[in-house]
Structure formats: structure tokens, C-alpha cells
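Participant: Quick note on our numbering: the sequence shown kicks off at 12 and runs consecutively. Backbone N, C-alpha and C fix where the C-beta goes; we use that ideal spot for every residue, glycine too. It should be emphasised that the depicted structure is a prediction, and the values quoted were computed from it without experimental measurement.
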Amino acid sequence: MITIYNTLTKRKEELKTIEPNTVRMYVCGPTVYNYIHLGNARPICVFDVFRRFLEYRKYNVIMVQNFTDVNDKIIKQAKLEGSTPEAIAEKYIGEYEIDAKGLNIKKPSIQPKVSDYIPKIIEFIEVLVEKGYAYQSNGDVYYRTRKDDSYGKLSGQSLDDLISGARVEINENKEDPLDFALWKGCSKDEQHWDSPWGSGRPGWHIECSCMAKDTLGDTIDIHCGGQDLIFPHHENEIAQSEAANGQVFSNYWMHNGHINVDNKKMSKSLNNFFLTREVAERYGYEAIRLLMIQTHYRAPMNYSVDLIEACRASLDRLYQCRTTLELAVANKSSGVLSEEVQNHLETSRDSFIAALENDFNTADGLSVIFDLVRYLNVLVAKSDSTKEEIEAGLSLFNELVDIFGLLYERKDDGIPDEIHTLVEQRIMARKEKNYQEADRIREQINALGYVVKETRQGIEIKKMVE
Ligand SMILES: [Zn+2]
């Protein structure tokens with residue numbers, strides 16, 4: 012049974028999908044006006060692993076993630092770069108895709124863009140106007156929050172709380188300060204589209220309501236995003252969709268925590284953010300991916316040089332384990348797969364699944380993987396372990412790291428085949444108790460600039476440091 016914490020009901024709930032074995036999920040995507048920072052990378056990594064886990068549990072996952080390619084920030088950036096909004100959006104979609112590929116993100120099933128949705132967005136707004144949930148004012152169209160009794164249910168705030176919180180801008184075109192723009196009128200000199208209310212552009216929130224309906228239907232299973240989107244973005248999505256469709260918009264809401272740097276939230280406005288690209292150039296994308304997985308998705312997480320370096324060291328251990336197991340499969344003698352080993356592996360798999368089924372606890376899942384690594388390294392070092400046992404261990408190891416989408420970056424361990432062959436010959440020599448020959452091969456390996464060591468965790472090959 013999969014349970015997830017639902018922001019809407021504020022408790023952990025069993026995941027029950029609308030259609031059996033199918034999950035329709037919507038994740039708010041990037042506004043493409045710049046390179047993504049680590050705070051943007053977190054939901055991308057977290058919900059990619061969530062999707063992989065659901066697929067591992069045999070769900071057919073339809074995942075939609077939009078590109079916000081029409082936005083005031085893009086227009087501003089276009090002016091800065093002496094370019095057009097269209098060219099800026101295209102450029103940063105390309106840059107986003109480089110980062111997403113680097114982070115080993117599976118392509119979403121559908122990636123709609125706002126610029127392809129303008130007529131449908133206009134239709135959506137027209138429905139809201141007809142139903143009295145929206146009104147035109149000086150070329151703008153606003154959502155009438157006072158008409159919506161349930162407004163504020165996701166963030167758990169009443170309209171009065173929201174107003175006294177002064178988180179809303181005052182605008183004389185609005186009937187009420189809490190009303191938000193569905194359509195913003197603008198002159199024909201700017202990026203614009205024609206509409207029944209004159210030339211203008213859609214507001215930000217309406218795109219997600221419209222795209223989610225078009226791609227996934229009136230009610231979706233899970234809506235995901237960062238915690239900072241709960242208010243106003245997701246609150247407004249619910250308001251628009253439920254008013255227009257007369258149906259529950261999303262049964263579950265999942266939100267990931269933010270990233271802190273020196274105990275302050277990482278954000279563009281505080282100017283304490285790190286671009287994913289910059290961190291990747293120094294530490295590799297895979298270390299970033301691991302960093303995002305090793306903390307429970309709802310908890311705030313820290314970024315520091317120590318932490319990302321620790322992630323690299325953890326990856327070293329995982330890669331090393333895989334190499335050791337592969338070498339052992341090539342060298343161990345055939346025999347039986349003992350019940351003891353088989354039971355241990357099954358228990359590991361069960362614990363891993365249980366951790367992820369429990370509100371998607373990747374932190375606990377990762378601990379299970381590292382316990383497995385310790386166990387397998389000991390197993391390899393045992394003289395009486397069999398090829399079949401190591402094969403079963405390697406297969407489970409690959410199965411679990413695959414769900415996390417890890418071990419994809421280093422195509423090989425950088426150790427030449429010649430060295431691997433010598434290491435294998437040396438293992439054989441030692442097995443035959445031909446220690447003289449084993450020593451001779453060790454010297455040959457050293458002469459080629461590599462060191463081979465037997466550790467409790469198995470065999471380790473390293474390039475000598477000059
Ligand atoms: Zn959205």
C-alpha cells in the first residue's frame with residue numbers, strides 16, 4: 012500500500028487512483044528565462060524518482076510537466092539580452108533540457124507550452140466569466156475570490172488571513188485585493204495575443220489549470236510542486252479549475268521542501284542561489300541527483316560543499332560495489348544460491364519498497380541500499396560464496412539503484428581493461444594459492460600505475476596518485 016502526505020488534507024493517505032494502475036500526475040515546470048538553480052532541480056529530481064518508483068510498482072504513469080514560456084520575466088530577460096521573448100524561451104528550454112538530461116530525468120509523457128495553449132486558455136477564462144467567477148476590468152480579467160467559498164483550502168488560510176497577511180498587491184482594477192489576474196491586457200507593441208477582452212497575455216496560474224484539464228482531464232490523481240507554490244499558485248489553480256469544471260481538481264497534492272544555504276532559503280530574490288549547471292561542472296550532475304534523493308522530499312535540505320562532496324564519495328562506493336560485484340561474477344565458481352543469501356536479498360528489497368511506500372521516504376530507501384552494499388561486499392570477500400549468489404546480489408543492487416536513476420554518469424570506472432584482466436588473473440592465482448604469481452601480477456599492476464587492495468568491502472582498484 013502506497014501512502015503519501017496530502018497537503019490538501021494535511022495527513023498521510025493511501026494512494027487510490029481514479030483508474031486502477033494508472034497515475035495521472037501534473038508537475039509545475041520551469042519558467043524558461045534563465046538557467047535553473049538547485050531549488051528548481053529539487054522537484055525535478057524528486058518527482059522523477061517518484062514516477063520511476065510508481066512505474067516499478069507497475070503503474071502506468073502519465074506525467075505532465077509544463078514549460079512556462081509566456082511570462083513577464085521572459086519579456087524582461089529578452090530586453091536584457093537584446094532578444095525576443097520567443098527566442099529567450101526557446102534558448103532556456105534548450106538549456107533546461109541539457110540540465111534535465113544531465114540529471115538523468117526521464118522525459119515527461121507530455122510537456123505542454125503556454126504559447127501553444129492561448130486559444131484554450133481564452134476559452135477556459137470565458138467559462139469562468141460566464142459562470143460569474145471572473146470579471147473584466149480595463150482590459151484585464153480577474154478571478155473573483157470572494158465568490159469561492161473554499162478559497163484557501165490548500166494553504167489552510169481564510170480570506171481574511173490572506174488579506175491581513177498583506178501578501179496581495181493592491182490594484183485599482185480589482186474588485187478585491189485578493190482577486191488575481193487570469194488575463195492581463197497589454198499594448199500591441201509587446202508580446203500579445205488577441206482576445207475577447209483586447210490584446211494581452213494570460214496570467215501565470217491559468218495555464219496549469221488549462222493544460223492539466225486538456226492533457227489529464229477534469230480531475231487528476233496527483234499534483235506536485237515545490238512548497239513555495241502552495242500559495243498563491245496552487246491555491247489559484249484549484250480555485251480556477253474547480254469553478255470552471257465543477258469537479259475536484261486533484262485528489263492528492265505533494266510538495267517538496269525548499270533548499271537552505273547557511274540556514275537561509277535559497278532563492279533568486281535573496282541572491283544566494285547556485286545554478287545547477289555551475290554545481291554540475293564542479294561535482295557532476297549525478298552528485299546533485301543523489302543530494303536531492305538523500306533527504307526526505309518534504310524536509311528542508313541544506314546545500315554545502317561538504318554535503319555535495321559527501322555525495323560524490325557515496326557515489327564512489329556505489330560504483331565500486333558494482334565493479335566489485337561484476338568482477339566477482341566473472342571469477343567466482345558456480346554453486347548454489349543459498350537460502351540464507353536469498354532471504355537476505357528479499358528482505359532488503361521488501362525494506363526498500365516499504366520505505367518508498369511510506370510517503371516516498373527515499374532517505375530510508377538509500378540506507379537500505381548502503382546496507383545492501385555492506386552485505387554484498389562481505390559476501391564477495393567470503394571464499395565460499397558462489398557466482399549465483401553474487402549474480403543475485405548484483406541484480407538486486409542494479410534493480411534498486413535504477414529506481415533512483417543512479418549510476419548513469421560514469422560510463423566506466425576509468426580503469427583500463429588491461430588492469431581489470433590482470434586483477435582477474437591475480438584473483439585466480441590467489442584462489443589457486445599461487446601467491447608468488449599473485450605477487451608478480453600485483454607488481455605488474457603497480458608498474459602500470461594502479462594499486463589493487465583487498466578490503467573488507469571487496470577488491471578496490473585505484474589509480475596511483477602521482
Ligand atoms: Zn503550475
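#1: Who are the Cβ neighbours of glutamate 400 in its own chain at under 7 Å, not counting the five residues just before and after it?
#2: May I ask you to check if the CB of cysteine 235 is nearer than 7 Å to at least one heavy atom of ligand 1?
#3: Using CA atoms only, rank isn't needed, just tell me which of Asp428, Val412 and Asp225 is closest to arginine 328.
#4: What residue range is occupied by the uninterrupted alpha helix (DSSP H) comprising glycine 113?
#5: Using the three-state DSSP reduction, which class does glycine 50 fall into: helix, strand or coil?
#6: Need the endpoints of the alpha helix (DSSP H) that glutamate 380 sits in, please.
#7: Output needed for threonine 226: all residues of its chain with C-beta closer than 7 Å, excluding positions within five of it in sequence on either side, in chain order.
#8: Once you ignore the five residues that flank isoleucine 13 on each side, which residues in its own chain have a CB closer than 6 Å to its CB?
#9: Go through its chain and collect everything with a Cβ distance to glycine 214's Cβ below 7 Å, but skip five positions before and after it.
#10: CB-CB under 7 Å to aspartate 59, same chain, minus the five flanking residues each way: which ones, in chain order?
#11: Check whether the Cβ of histidine 244 sits closer than 7 Å to any heavy atom of ligand 1, and report yes or no.
#12: Alpha carbon to alpha carbon, how far is lysine 276 from glutamate 248?
#13: Could you tell me the distance, in whole angstroms, from the CA atom of methionine 265 to the CA atom of leucine 173?
#14: Does the region 221-237 come close enough to the region 95-111 that 3 or more CB-CB pairs lie under 8 Å?
#15: Find out if the Cβ-Cβ distance for the pair leucine 336, leucine 302 is shorter than 8 Å.
#16: Quick one: grab the DSSP three-state call for histidine 244.
#17: With a Cβ-Cβ cutoff of 8 Å, do valine 125 and alanine 255 count as a contact?
#18: How far does the beta strand (DSSP E) with arginine 212 in it extend, from its first residue to its last?
#19: Near tyrosine 144, which residues of its chain fall below 6 Å by C-beta distance, leaving aside the five closest residues on each side in sequence?
#20: Use the C-beta contact count for glutamine 485: other C-beta atoms within 10 angstroms, 16 or more gives buried, fewer gives exposed.
#21: Within its chain, find whatever has a CB closer than 7 Å to the CB of lysine 343; leave out the 5 residues flanking it on each side and keep chain order.
#22: Helix, strand or coil for histidine 203, going by three-state DSSP, please let me know.
#23: Please check the pair isoleucine 237 and asparagine 267, which I expect to be a contact at CB under 8 Å, by giving their CB distance rounded to whole angstroms.
#24: Which of helix, strand or coil does DSSP assign to isoleucine 472?
#25: Under DSSP, the beta strand (DSSP E) around phenylalanine 8 begins and ends at which residues?
#26: To which residues of the same chain is arginine 421 closer than 7 Å at the C-beta, ignoring the five residues directly before and after it?
#27: In this structure, does DSSP put asparagine 149 in helix, strand or coil?
#28: Could you tell me the boundaries of the alpha helix (DSSP H) in which arginine 22 lies?
#29: Quick check on the contact list: which residues have their beta carbon closer than 5 Å to a heavy atom of ligand 1?
#30: Assign leucine 286 to one of three DSSP states: helix, strand, or coil.
#31: Would you mind reading off the limits of the alpha helix (DSSP H) that contains histidine 431?
#32: In this structure, how does DSSP classify glycine 425 when only helix, strand and coil are distinguished?
#33: To which residues of the same chain is glutamate 246 closer than 6 Å at the C-beta, ignoring the five residues directly before and after it?
#34: May I ask which residues mark the beginning and end of the alpha helix (DSSP H) holding histidine 355?
#35: Hey, how far is the Cα of aspartate 232 from the Cα of leucine 377?
#36: Identify, in the order they occur along the chain, each residue of the same chain with its Cβ nearer than 7 Å to the Cβ of isoleucine 304, setting aside the five sequence neighbours on each side.
Facilitator: Once the coordinates are examined:
#1: On the sequence shown, position 389 is the one that residue 400 refers to. Cβ neighbours of glutamate 400 beyond the five flanking positions: Leu348, Ser349, Val352 and Leu390.
#2: Along the sequence shown, one-based indexing puts residue 235 at 224. It does not: the Cβ of cysteine 235 is nowhere closer than 7 Å to a heavy atom of ligand 1.
#3: Along the sequence shown, one-based indexing puts residue 328 at 317. Minimum Cα distance to arginine 328 is reached at Val412.
#4: Taking the first residue of the sequence shown as 1, we reach residue 113 at position 102. Taken as a continuous stretch (DSSP letters only), the alpha helix (DSSP H) holding glycine 113 covers 96-113.
#5: As a working note, residue 50 is residue 39 in the sequence shown. Residue state, collapsed to three classes: helix.
#6: For the purposes of this step, residue 380 is taken as residue 369 along the sequence shown, with counting starting at 1. Looking at the sequence shown, residue 380 is not glutamate but isoleucine. In this chain, the alpha helix (DSSP H) harbouring isoleucine 380 covers 373-392.
#7: Counted from its first residue, the sequence shown places residue 226 at position 215. Excluding residues within five positions, the ones whose Cβ falls inside 7 Å are Val75, Ile121 and Pro123.
#8: Here the question's residue 13 lines up with position 2 in the sequence shown. If the five residues before and after isoleucine 13 are omitted, its C-beta is found closer than 6 Å to the C-beta atoms of Leu26 and Glu368, all from its own chain and listed in chain order.
#9: Working through the sequence shown from its first residue, we reach residue 214 at position 203. Hits under 7 Å: Phe191, Ala192, Leu193, Trp194 and Lys195.
#10: Here residue 59 corresponds to residue number 48 of the sequence shown, with the count starting at 1. Apart from sequence neighbours up to five positions away, the residues of its chain that approach aspartate 59 with a beta-carbon distance below 7 Å are Ile116, Lys117 and Gly416, ordered along the chain.
#11: In the sequence shown, residue 244 corresponds to position 233, counting from 1. Histidine 244: yes, Cβ under 7 Å from ligand 1.
#12: Numbered from 1 along the sequence shown, position 265 holds the residue referred to as residue 276. Numbered from 1 along the sequence shown, position 237 holds the residue referred to as residue 248. In a straight line, the C-alpha of lysine 276 is about 25 Å away from that of glutamate 248.
#13: Position 254 of the sequence shown holds residue 265. Position 162 of the sequence shown holds residue 173. If you take the alpha carbons of methionine 265 and leucine 173, they lie about 22 Å apart.
#14: No, the region 95-111 is not in contact with the region 221-237.
#15: Here residue 336 is taken as the residue at index 325 of the sequence shown, counted from 1. Here residue 302 is taken as the residue at index 291 of the sequence shown, counted from 1. In this structure, leucine 302 does not lie closer than 8 Å to leucine 336 by Cβ.
#16: On the sequence shown, position 233 is the one that residue 244 refers to. Of the three classes helix, strand and coil, the one that applies to histidine 244 here is helix, per DSSP.
#17: As a first step, residue 125 is located in the sequence shown; it is residue number 114 there, counting from the start. As a first step, residue 255 is located in the sequence shown; it is residue number 244 there, counting from the start. Contact: no.
#18: Against the sequence shown, residue 212 aligns to sequence position 201. Boundaries of the beta strand (DSSP E) around arginine 212: 211-213.
#19: In the sequence shown, residue 144 corresponds to position 133, counting from 1. Same-chain partners within the cutoff: Arg155, Lys158 and Ala254.
#20: No information on residue 485 is available, as it lies outside the stretch 12 to 477 that the chain covers here.
#21: Your numbering for residue 343 matches position 332 in the sequence shown. Excluding residues within five positions, the ones whose Cβ falls inside 7 Å are Ser396, Thr397, Lys398 and Ile401.
#22: Within the sequence shown, the letter at position 192 stands for residue 203. Under the three-state reduction of DSSP, histidine 203 is assigned to coil, being neither helix nor strand.
#23: Translated into the one-based positions of the sequence shown, residue 237 becomes position 226. Translated into the one-based positions of the sequence shown, residue 267 becomes position 256. First, the amino acid is wrong: residue 237 is glycine here, not isoleucine. That belief holds up - the Cβ atoms of glycine 237 and asparagine 267 are roughly 6 Å apart, short of 8 Å.
#24: By one-based count along the sequence shown, residue 472 stands at place 461. Here isoleucine 472 carries a strand assignment [DSSP, helix/strand/coil].
#25: Absent from the model: residue 8. The displayed extent of the chain is 12 to 477, so no value can be given.
#26: In the sequence shown, the residue the question calls residue 421 occupies position 410. Once the five neighbours on either side are set aside, the close Cβ partners of arginine 421 are Tyr330.
#27: Numbered from 1 along the sequence shown, position 138 holds the residue referred to as residue 149. Asparagine 149: coil per DSSP, three-state reduction.
#28: Taking the first residue of the sequence shown as 1, we reach residue 22 at position 11. Looking at the DSSP string, arginine 22 is not in any alpha helix (DSSP H); the run it does join, the beta strand (DSSP E), is 22-25.
#29: Counting every residue whose Cβ lies closer than 5 Å to a heavy atom of ligand 1, we get Cys39 and Cys219.
#30: For the purposes of this step, residue 286 is taken as the residue at position 275 of the sequence shown. Strand.
#31: Against the sequence shown, residue 431 aligns to sequence position 420. Note, histidine 431: alpha helix (DSSP H), 428-442.
#32: Here residue 425 is taken as the residue at index 414 of the sequence shown, counted from 1. Of the three classes helix, strand and coil, the one that applies to glycine 425 here is coil, per DSSP.
#33: As a working note, residue 246 is residue 235 in the sequence shown. Only Leu165 and Ser166 meet the Cβ criterion.
#34: The residue labelled residue 355 in the question sits at position 344 within the sequence shown. Element bounds for histidine 355: 350-368.
#35: On the sequence shown, position 221 is the one that residue 232 refers to. On the sequence shown, position 366 is the one that residue 377 refers to. One C-alpha to the other measures close to 26 Å.
#36: As a position in the sequence shown, residue 304 is number 293, starting the count at 1. Cβ contact annotation for isoleucine 304 (same chain, cutoff 7 Å, sequence separation greater than five): Cys56, Val60, Thr373, Leu377 and Phe415, in chain order.
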